[in-house]
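Protein chains: 2
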Amino acid sequence: MSTAAVFSLDAWSRTQLSLVEDALSAWVTADALPGRAWGAPADLVQAMRYAVLDGGKRLRPLLVMAAFEAVAVPGAFAARNAALRAACAVELIHAYSLVHDDMPCMDNDVLRRGKPTVHVQFGEAAALLAGDALQALAFELLTPADAEVPLALQGRLCGLLARAAGSTGMAGGQAIDLASVAHALDEQALRHMHQLKTGALLQASVMLGAACGMADEQAQQALSRFGQALGLAFQVVDDVLDVTADSATLGKTAGKDADHDKPTYVSLMGLERSRRYAQDLRDQAHAALAESALPQTAALAALADMVVHRRH
Amino acid sequence: MSTAAVFSLDAWSRTQLSLVEDALSAWVTADALPGRAWGAPADLVQAMRYAVLDGGKRLRPLLVMAAFEAVAVPGAFAARNAALRAACAVELIHAYSLVHDDMPCMDNDVLRRGKPTVHVQFGEAAALLAGDALQALAFELLTPADAEVPLALQGRLCGLLARAAGSTGMAGGQAIDLASVAHALDEQALRHMHQLKTGALLQASVMLGAACGMADEQAQQALSRFGQALGLAFQVVDDVLDVTADSATLGKTAGKDADHDKPTYVSLMGLERSRRYAQDLRDQAHAALAESALPQTAALAALADMVVHRRH
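Chains as they are written, first to last, in my numbering: chain X, 1 to 312; chain W, 1001 to 1312.
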C-alpha cells in the first residue's frame, strides 16, 4: 500500500498527542468548566492531574483518533472535537484503573511510569477518591453542556465507555484476575480475562472513534474485529515483555506477574508460541482493516504494528 | 392543598420501591443483558448485589420518581422506564460511594445498615472493584442498547449524573471532608462541602426525574431550588441525628463525626439552631414547589417533610 509506505506514525502521533495532552490538561482542572456550578477542590485535582498528565503511551487516545480519521468525512470539525473528548475520556478511565490497581489492597505497587504511585504520593484515601473522580470525569467529558457533541452521540459514547469500563469490561477483568492468582487458568479462561481487563477498553477506543466519525455498519464490524485482535495482542506482548524486559525499560516493576504466580500467556504457552501468537493477532488486525473497505487506515495499521513490536 | 391531604407517602413509596428493588435486582446481575457481549464475573456481582440490595432508605430513587411524576404527561410509559433506570442509576452511585467510604483508608467502618460492610464481608480488593463497577453500571443503566431511552435523553441523563458524582459533586465533597478533619470550617465552607458531598446527588435525583418527564425551563429551575434546599436539609438533619440518635436506630455508628472531630452543623451552630435551620430549609423546599406551578407535587412535598422529620 503506497499510503502505508509514506505514513509516519511518529509524526502523526506527535500531532495527536499534542492535542490530547493539551485537552487533558485543560479538562482535568479545578476550574468551573461550562456546565459546572463551581470548581473542583484543588487537593483532589492535584492528585487527578498527577495520575493523568505527563505519562503513558496514550495508546487508547491514539486508537480513538486513528479510528476517527479512518471513518470521518474530511473537515468534520465538530466531530473531531467529539473524538478528542472521547480520546481523553478513555484515557481517564485507564488512568483511574491504574491508580486503584496500584493501591495496597490490590497490586501494592510503588512505582508507575518511573514515578511514585498516587497513593504513595498523596495517601490512600486521596488515591481512592482521585480514581473515583476520574471515572466520573470521563463521562463528564463525553457530555459537554454546550452543543459541541450532539446529545444523541453523547448517549452512544457513554454507553460504549460504561460497558468497557464496568463489570463486563475492565473492572470485571480485574475481578477475574484477582480471583485467579495461584489458580490454573486454561487458554480460553485466560483470553476471556484479558478480553475484559484490557481488551474491552482498547476495543472501545476504536469503537468510540468510529462512532464519532459516524461509521457505517460494515466499517463498524470490521473495526470491532480490529480492536479485538489488537486488544489481545497488547496483552500477549505485555506478558512477553514482563519476562524479557527490565524494570527501567518498562517504567514499572518487571517480572511482577511471574513473582505473583499470576497466569500469563507465557506461563501457559511458552515464550516462542506467545510471540508467534502476537504476530498472528497483528495479521488478523490488518486483515480486518482490509475488510473494512475504509481508505484511511494507515494510522490504525501502524498502531497495530507498534503494539506488537514495542519494547516497553 | 386537597391532593396533599389525601396523599399517603407510605403507600406511594411502597409502590415505587417495589419497582426499584425489582429493577435493581434485575440489573445488578451476572447475566449478559442486552448490549453486553457476555455476562459479568459471579464473584464481583455478588459483592455488588450485597452493596446495593435490601438496604437503605432509597431516598434518591424516590426523589427521581417523585420529580418524574410531578412533571410527566400521564401515560408516558417509555419515559417512566427511563425514570426507573435513572432512579436505579443514582442509587448505584450512592451505594458505590458508601462501599468506598467505609474502607479502612477512608472511614474504616465495619457496620452499615446493620450488616458488615462490603470490605469486611468480601475483602478490600473486592470492595474497591465492586465500587468501581457500580459507578460504571450506573452509566450503563442510563444507556440501554435497545430504544427504551431516547439517545438524546441518555446523553442528558449521563451528563447530570457525571457532574453530581464527580470532582464538583460527591467525590469532590468527600475530598473536602477528608481535608477538613480537625480543621475549623466556617458555615459557608461547611455548606459548600455538603452541597458537593450529599447535596449534588440529591439535587441531581430531582433533576434526573424532571429530565425524564421533559420538564419545561420554569419547572426545572423551581425543582433545582427544591433539590438544593432538600439536599442541605438532609445533611443538617444527619448531623443532628448523629448526636441525638443511637447506633441501633441509625443502623450505623452514631457519634462518629463528633468522635472524628469532623465539622458539623451541630458543632458550628448548636443543636437548636440546626433544628430550626432544617425547618427553614423544609419551608424553602415547599416554596420552590409552589413556584414550580406543577400540579402533582404531593410526593416531592412529602419527601421533603420526611427528610426533615425522620428519626434515622
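Beta carbons: idealized from backbone N, C-alpha and C, even for Gly.
Using 7 Å as the threshold, is the C-beta distance between residue i and residue j below it?
i: alanine 287 (chain X); j: alanine 1136 (chain W); result: no
i: glycine 1131 (chain W); j: histidine 1100 (chain W); result: yes
i: leucine 141 (chain X); j: leucine 208 (chain X); result: no
i: glutamine 203 (chain X); j: glycine 231 (chain X); result: yes
i: alanine 215 (chain X); j: valine 64 (chain X); result: no
i: alanine 1145 (chain W); j: glycine 1035 (chain W); result: yes
i: alanine 1125 (chain W); j: valine 1118 (chain W); result: no
i: alanine 1175 (chain W); j: aspartate 31 (chain X); result: no
i: alanine 1082 (chain W); j: valine 1149 (chain W); result: yes
i: lysine 262 (chain X); j: valine 206 (chain X); result: no
i: leucine 62 (chain X); j: glutamine 16 (chain X); result: yes
i: arginine 60 (chain X); j: valine 90 (chain X); result: yes
i: glutamine 154 (chain X); j: glycine 1155 (chain W); result: yes
i: alanine 1066 (chain W); j: leucine 1300 (chain W); result: yes
i: leucine 1019 (chain W); j: alanine 171 (chain X); result: no
i: leucine 24 (chain X); j: valine 6 (chain X); result: no
i: glutamine 218 (chain X); j: glutamate 69 (chain X); result: no
i: alanine 1047 (chain W); j: phenylalanine 1139 (chain W); result: no
Could you please give the first and the last residue of the uninterrupted alpha helix (DSSP H) stretch that includes residue i?
i: glutamate 148 (chain X); result: Premise fails: glutamate 148 (chain X) is in no alpha helix (DSSP H) and is neither H nor E.
i: valine 1181 (chain W); result: That residue, valine 1181 (chain W), is in no alpha helix (DSSP H); it is neither H nor E in DSSP.
i: leucine 1303 (chain W); result: 1298-1309
i: tryptophan 1007 (chain W); result: For clarity, residue 1007 (chain W) is phenylalanine in the given sequence; the question names tryptophan instead. First-last for phenylalanine 1007 (chain W): undefined, no H or E at that position.
i: glycine 114 (chain X); result: Premise fails: glycine 114 (chain X) is in no alpha helix (DSSP H) and is neither H nor E.
i: alanine 1032 (chain W); result: Where alanine 1032 (chain W) is concerned, there is no enclosing alpha helix (DSSP H), given that its DSSP letter is neither H nor E.
i: methionine 1048 (chain W); result: 1042-1052
i: arginine 1275 (chain W); result: 1271-1292
i: histidine 1192 (chain W); result: 1187-1194
i: valine 1236 (chain W); result: 1217-1244
i: glycine 1209 (chain W); result: 1200-1212
i: glycine 39 (chain X); result: Segment: none, glycine 39 (chain X) is in no alpha helix (DSSP H) and carries neither H nor E.
i: alanine 136 (chain X); result: 124-141
i: valine 71 (chain X); result: 59-71
List the residues of chain W that residue i touches, going by C-beta distances under 9 Å, in chain order.
i: glutamate 187 (chain X); result: Those within 9 Å of glutamate 187 (chain X) in chain W number zero; the least Cβ separation is about 17 Å.
Cβ closer than 8 Å: which chain X residues qualify as neighbours of residue i?
i: glutamine 1284 (chain W); result: Residues of chain X passing the Cβ test: none, with the nearest at roughly 18 Å.
i: cysteine 1088 (chain W); result: By Cβ distance, chain X contributes nothing, its closest Cβ being about 14 Å from cysteine 1088 (chain W), past 8 Å.
Report back the beta-carbon spacing between residue i and residue j to the nearest angstrom; my notes put them in contact at under 8 Å.
i: alanine 222 (chain X); j: leucine 9 (chain X); result: So it is not a contact: roughly 21 Å between Cβ atoms.
i: alanine 1210 (chain W); j: glutamine 1220 (chain W); result: 6 Å
i: aspartate 102 (chain X); j: arginine 112 (chain X); result: 6 Å
i: alanine 1298 (chain W); j: alanine 1233 (chain W); result: Between alanine 1233 (chain W) and alanine 1298 (chain W) the Cβ distance is about 18 Å, and since that is not below 8 Å, they are no contact.
i: aspartate 242 (chain X); j: threonine 264 (chain X); result: 7 Å
i: alanine 133 (chain X); j: glycine 1173 (chain W); result: At roughly 11 Å, the Cβ-Cβ gap does not stay under 8 Å, so alanine 133 (chain X) and glycine 1173 (chain W) are not in contact.
i: alanine 1200 (chain W); j: glycine 1169 (chain W); result: 4 Å
i: aspartate 1283 (chain W); j: valine 1266 (chain W); result: Aspartate 1283 (chain W) to valine 1266 (chain W), Cβ: 20 Å. No contact.
i: alanine 245 (chain X); j: histidine 312 (chain X); result: 6 Å
i: valine 237 (chain X); j: arginine 310 (chain X); result: 7 Å
i: alanine 1078 (chain W); j: alanine 152 (chain X); result: Incorrect: roughly 16 Å between the Cβ atoms, too far for contact.
i: leucine 1092 (chain W); j: glutamate 1187 (chain W); result: Contact doesn't hold; Cβ gap of about 32 Å is too wide.
In chain W, what lies closer than 8 Å to residue i by C-beta?
i: alanine 133 (chain X); result: Gly1166, Ser1167, Ala1171, Gly1172, Ala1175
i: alanine 78 (chain X); result: The premise fails here: alanine 78 (chain X) is roughly 15 Å from chain W at the closest Cβ pair, so nothing lies under 8 Å.
i: alanine 214 (chain X); result: The question names alanine, yet the displayed sequence has methionine at residue 214 (chain X). None at all; the shortest Cβ gap to chain W is about 13 Å.
i: glutamate 140 (chain X); result: Gly1159, Ala1162, Arg1163, Gly1166
i: alanine 229 (chain X); result: Per Cβ cutoff of 8 Å: no residues; alanine 229 (chain X) is ~15 Å from chain W at best.
i: leucine 24 (chain X); result: Here the premise fails: no neighbours, minimum Cβ distance about 14 Å.
i: alanine 179 (chain X); result: Pro1041, Asp1043
Taking C-beta pairs closer than 9 Å, name the residues in chain X that residue i reaches, listed in chain order.
i: leucine 1208 (chain W); result: Chain X residues near leucine 1208 (chain W): none, gap ~13 Å exceeds 9 Å.
Please compile the residues from chain X whose C-beta is within a distance smaller than 7 Å of the C-beta of residue i.
i: threonine 1143 (chain W); result: Gly155, Cys158, Gly159, Ala162
What in chain W is Cβ-close to residue i, meaning under 7 Å?
i: histidine 100 (chain X); result: Leu1128, Asp1132
i: leucine 137 (chain X); result: Gly1166, Ser1167
i: alanine 204 (chain X); result: Near alanine 204 (chain X) there are no residues of chain W at all, since even the closest Cβ is about 11 Å away, more than 7 Å.
Would you check whether the ligand GTP has a heavy atom nearer than 6 Å to the C-beta of residue i?
i: alanine 1086 (chain W); result: This structure does not include the ligand GTP; it has no bound ligands of any sort.
Cβ-based contacts, 8 Å cut-off: residues of the stretch 33-60 of chain X near chain W: Gly35, Arg36, Ala37, Trp38, Gly39, Ala40, Pro41, Asp43, Leu44, Val45, Met48
Closer than 9 Å, Cβ to any Cβ of chain W: which residues of the stretch 147-168 of chain X, in chain order? Val149, Pro150, Leu151, Ala152, Leu153, Gln154, Gly155, Arg156, Leu157, Cys158, Gly159, Leu160, Leu161, Ala162, Arg163, Ala164, Ala165, Gly166, Ser167, Thr168
Using a Cβ-Cβ cut-off of less than 9 Å, give me the residues of the stretch 104-126 of chain X that come near chain W, in sequence order. Pro104, Cys105, Met106, His119, Gly123, Glu124, Ala125, Ala126
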